[in-house]
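There are 2 protein chains.
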Amino acid sequence: MKIVILGSGNVATHLSLALLRAGNSIIQVFSRDISHAANLAAKLKCESISDIEKLNCHADLYFFSVSDDAITTLVSSLPYLEGMVVHTSGATGIDVLSAKFKSAGVLYPLQTFSAKRDIDFKNVPLLIEASNQESEDLLVHIASSISLHVQKVNSAGRSALHLAAVLACNFTNHLYALAAELLEKESLSFNLLYPLMEETLAKAKAYPPATVQTGPARRLDINTINKHIDYLGKDTFEASLYILLTDSIIRFNTK
Amino acid sequence: MKIVILGSGNVATHLSLALLRAGNSIIQVFSRDISHAANLAAKLKCESISDIEKLNCHADLYFFSVSDDAITTLVSSLPYLEGMVVHTSGATGIDVLSAKFKSAGVLYPLQTFSAKRDIDFKNVPLLIEASNQESEDLLVHIASSISLHVQKVNSAGRSALHLAAVLACNFTNHLYALAAELLEKESLSFNLLYPLMEETLAKAKAYPPATVQTGPARRLDINTINKHIDYLGKDTFEASLYILLTDSIIRFNTK
């Protein structure tokens, strides 16, 4: 399979390396920043371009791993392509591609990627959608060659997953950051929380998380809630965040 | 060491079993509900009482693992005790005990305990504080017999840790619950998120969490943020929670 990668960020990098390892041939990397394109192309041993007019139009597959805003701009600057065009965005519908290209799809890897961390792509859920059966078969084939967890999900389901991922990953990490900041002020190490963080995750995997909720909000322990608000400082932004999350737990439990 | 346990909830149960396994002798369990006291006493093979007047006054150690409100009431109904009195609350100062008893302390296990999950107490950080050196030595000795992670923390530090634990455990679990609810509405399985949840935790342990923040708030991707708010429904409680957490990430990054 001859593949072109559009994008050079974390998703583009991890995905293209997985595709290469699965025996595919990456023939070109496009990025608006030629040094970024060249960096990734060096790892993939292929051509790099920053001028979209030089795009190789004879590939079997084009992966768009660029920012959501850039997809639309990029698509409008492209000629019609015979190969299948696929984007990797959780928040973007398939229509931005299928409106222009006959063979279009989405391959959304449900994982958080960083430059400094290796990810075993075999364990990354790949959520796919395609504009027709033939394209779907191709996308299932290529996705299954790099991951053990391939699932068809339409654009509505993918929107829900993308939002759920923000809650379970981005917001969770932010709460860790706020917790670390609180401890730092008292010269306490963040790693005191590791066993608790691990058990919280293990428990949420063993039981539906709503059924294992604990803490002052869950048991309506108003004294402790007030102590926490006092600690954060009434009328601070942090206190308002604490109050809204506490309210949210109370609302959820009385549903 | 002869120990009396006051309380019969999850902390009292896990702690007393760990103390028993370490070779201590639990001589009595008190709970206002005699059936709860009897259940735990059966596991510990000791006497159970629900009448505080029957409290054995000759123990070496008394552990108060009751709700924060109940500690004060319970203390006021007790005679003076020669043995050391210790509570296990993260949110309560040592003073509720040290005002009445000469040998007082706090042993706060930084973990989330559930009836249905076994916890290896050896890995639970035990944060201790005592009213004098002799009491501290005793508490360090007993804590070290059940956990590998014993650390002295004063009441201010413990308050910070307790609040940090609410953020990193209770609030995080609630976000998992909200994510699971979103997926359920689209007939998608919550376990699609497991690899992401695992990687989020692993990354927050490998790097300071603030430095590995990802997501639409981190990259100021307003289009995606607006899509998420639309998905939740403008003016819904869930949207206001999403907005406040998003704002919090943006504020944190511009500090």
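Protein chains in written order, with this note's numbering: chain U, 499 to 753; chain C, 499 to 753. Think of the CB as a built atom: it goes at the ideal place given N, C-alpha and C, for glycine as much as any other residue. Keep in mind the model is a prediction, meaning the values are calculated, not measured.
Does the distance from the CB of residue i to the CB of residue j come in under 8 Å?
{"i": "C:Gln711", "j": "U:Ala678", "result": "no"}
{"i": "C:Cys544", "j": "C:Val527", "result": "yes"}
{"i": "U:Pro607", "j": "U:Val509", "result": "yes"}
{"i": "C:Gly588", "j": "C:Ser633", "result": "no"}
{"i": "C:Ser548", "j": "C:Asp531", "result": "yes"}
{"i": "C:Tyr560", "j": "C:Gly581", "result": "yes"}
{"i": "C:Ala666", "j": "U:Met695", "result": "yes"}
{"i": "U:Ala658", "j": "C:Glu684", "result": "yes"}
{"i": "U:Phe505", "j": "U:Ser529", "result": "Note that residue 505 of chain U is Gly in the sequence shown here, rather than Phe. Cβ atoms of U:Gly505 and U:Ser529: closer than 8 Å."}
{"i": "U:Thr586", "j": "C:Asn671", "result": "no"}
{"i": "C:His534", "j": "C:Ile617", "result": "no"}
{"i": "C:Arg656", "j": "C:Leu637", "result": "no"}
{"i": "U:Arg615", "j": "C:Lys701", "result": "yes"}
{"i": "U:Ala654", "j": "U:Val648", "result": "no"}
{"i": "U:Leu686", "j": "C:Val573", "result": "no"}
{"i": "U:Leu661", "j": "C:Leu680", "result": "yes"}
{"i": "U:Phe562", "j": "U:Val584", "result": "yes"}
{"i": "U:Leu730", "j": "U:Glu736", "result": "yes"}
{"i": "U:Pro714", "j": "U:Ile723", "result": "yes"}
{"i": "U:Arg716", "j": "U:Asn689", "result": "no"}
Provide the residue span of the alpha helix (DSSP H) that contains residue i, from first to last.
{"i": "C:Gln631", "result": "631-644"}
{"i": "C:Met695", "result": "692-704"}
{"i": "U:Leu718", "result": "It is not in any alpha helix (DSSP H) - U:Leu718 carries neither H nor E in the DSSP assignment."}
{"i": "C:Leu595", "result": "593-596"}
{"i": "U:Ala654", "result": "653-663"}
{"i": "C:Glu682", "result": "670-683"}
Let me make sure I understand the geometry here. Which of the options has the alpha-carbon closest to that of residue i?
{"i": "U:Cys663", "options": "C:Pro693, C:Leu739, C:Val648, C:Asp635", "result": "It is worth fixing the name first, because residue 663 of chain U is Ala in this sequence and not Cys. For U:Ala663, the nearest C-alpha among the options comes from C:Pro693."}
{"i": "U:Asn537", "options": "U:Ser601, U:Gly507, U:Cys555, U:Asn554", "result": "U:Gly507"}
{"i": "C:Leu673", "options": "U:Ser514, U:Ser746, U:Lys683, U:Leu686", "result": "U:Ser746"}
{"i": "U:Lys552", "options": "U:Arg656, U:Pro577, U:Asn621", "result": "U:Pro577"}
{"i": "U:His556", "options": "U:Ser533, U:Phe669, U:Ile525, U:Asn689", "result": "U:Ile525"}
{"i": "C:Ala539", "options": "C:Asp558, C:Ala628, C:Ile501", "result": "C:Ile501"}
{"i": "U:Arg519", "options": "U:Leu690, U:Lys753, U:Ser645, U:Arg749", "result": "U:Ser645"}
{"i": "U:Ser546", "options": "U:Ser738, U:Phe735, U:Ile503", "result": "U:Ile503"}
{"i": "C:Gln631", "options": "C:Ser601, C:Phe611, C:Thr571", "result": "C:Ser601"}
{"i": "U:Leu595", "options": "U:Glu736, U:Ala568, U:Thr610", "result": "U:Ala568"}
{"i": "U:Gln609", "options": "C:Asn554, C:Thr571, C:Leu691, C:Asp566", "result": "C:Leu691"}
{"i": "C:Asp566", "options": "U:Ile720, U:Asn554, U:Phe750", "result": "U:Ile720"}
{"i": "C:Thr744", "options": "U:Lys541, U:Ser575, U:Phe669", "result": "U:Phe669"}
{"i": "U:Leu718", "options": "U:Asp558, U:Tyr705, U:Arg749", "result": "U:Arg749"}
{"i": "C:Ser612", "options": "U:Tyr705, U:Ile550, U:Asp558", "result": "U:Tyr705"}
{"i": "U:Leu605", "options": "U:His639, U:Lys598, U:Phe599, U:Leu739", "result": "U:His639"}
{"i": "U:Lys541", "options": "U:Thr734, U:Ser629, U:Asn554, U:Leu517", "result": "U:Leu517"}
{"i": "U:Thr571", "options": "U:Asn554, U:Asp558, U:Lys598", "result": "U:Lys598"}
{"i": "U:Gly521", "options": "U:Leu739, U:Ser643, U:Thr734, U:Tyr740", "result": "U:Ser643"}
Who pairs with residue i in a beta bridge, going by DSSP?
{"i": "U:Ser574", "result": "DSSP lists no partner for U:Ser574."}
{"i": "U:Phe562", "result": "U:Leu504, U:His585"}
{"i": "U:Val648", "result": "U:Leu624"}
{"i": "C:Glu545", "result": "C:Gln526"}
Could you check where the beta strand (DSSP E) with residue i kicks off and where it finishes?
{"i": "U:Ala557", "result": "Unbroken run through U:Ala557: none, as it is neither H nor E."}
{"i": "U:Phe528", "result": "523-528"}
{"i": "U:Gly603", "result": "602-607"}
{"i": "C:Ile747", "result": "C:Ile747 -> not in any beta strand (DSSP E); alpha helix (DSSP H) instead, spanning 735-751."}
Is there at least one non-hydrogen atom of the ligand FMN closer than 7 Å to the beta-carbon of residue i?
{"i": "U:Thr752", "result": "The model depicted lacks the ligand FMN and carries no ligand whatsoever."}
- Task: Compile a chain-ordered list of the residues in the stretch 565-589 of chain C whose CB is closer than 8 Å to at least one CB of chain U.
- Result: Ser565, Asp566, Asp567, Ala589
- Of the residues that make up the stretch 655-674 of chain U, which ones have a beta carbon closer than 7 Å to any beta carbon in chain C? Gly655, Ser657, Ala658, Leu659, Leu661, Ala662, Ala663, Val664, Leu665, Ala666, Cys667, Asn668, Phe669, Thr670, Asn671, His672, Leu673, Tyr674
- Members of the stretch 513-528 of chain U near chain C, C-beta cut-off 9 Å: none
- Please name the residues in the stretch 721-733 of chain U whose beta-carbon is closer than 7 Å to at least one beta-carbon of chain C, in chain order. So the list reads Asn721, Thr722, Lys725, His726, Tyr729, given in the order they occur along the chain.
- Can you list, in chain order, the residues of the stretch 704-719 of chain U whose Cβ is nearer than 9 Å to any Cβ on chain C? Ala704, Tyr705, Pro706, Pro707, Ala708, Thr709, Val710, Gln711, Thr712, Gly713, Pro714, Ala715, Arg716, Arg717, Asp719
- Message: Taking beta-carbon pairs under 8 Å, can you tell me which members of the stretch 613-624 of chain U lie near chain C?
- Response: Lys614, Arg615, Ile617, Asn621, Val622, Pro623
- chain U contacts from the stretch 591-606 of chain C (Cβ-Cβ distance under 7 Å): none
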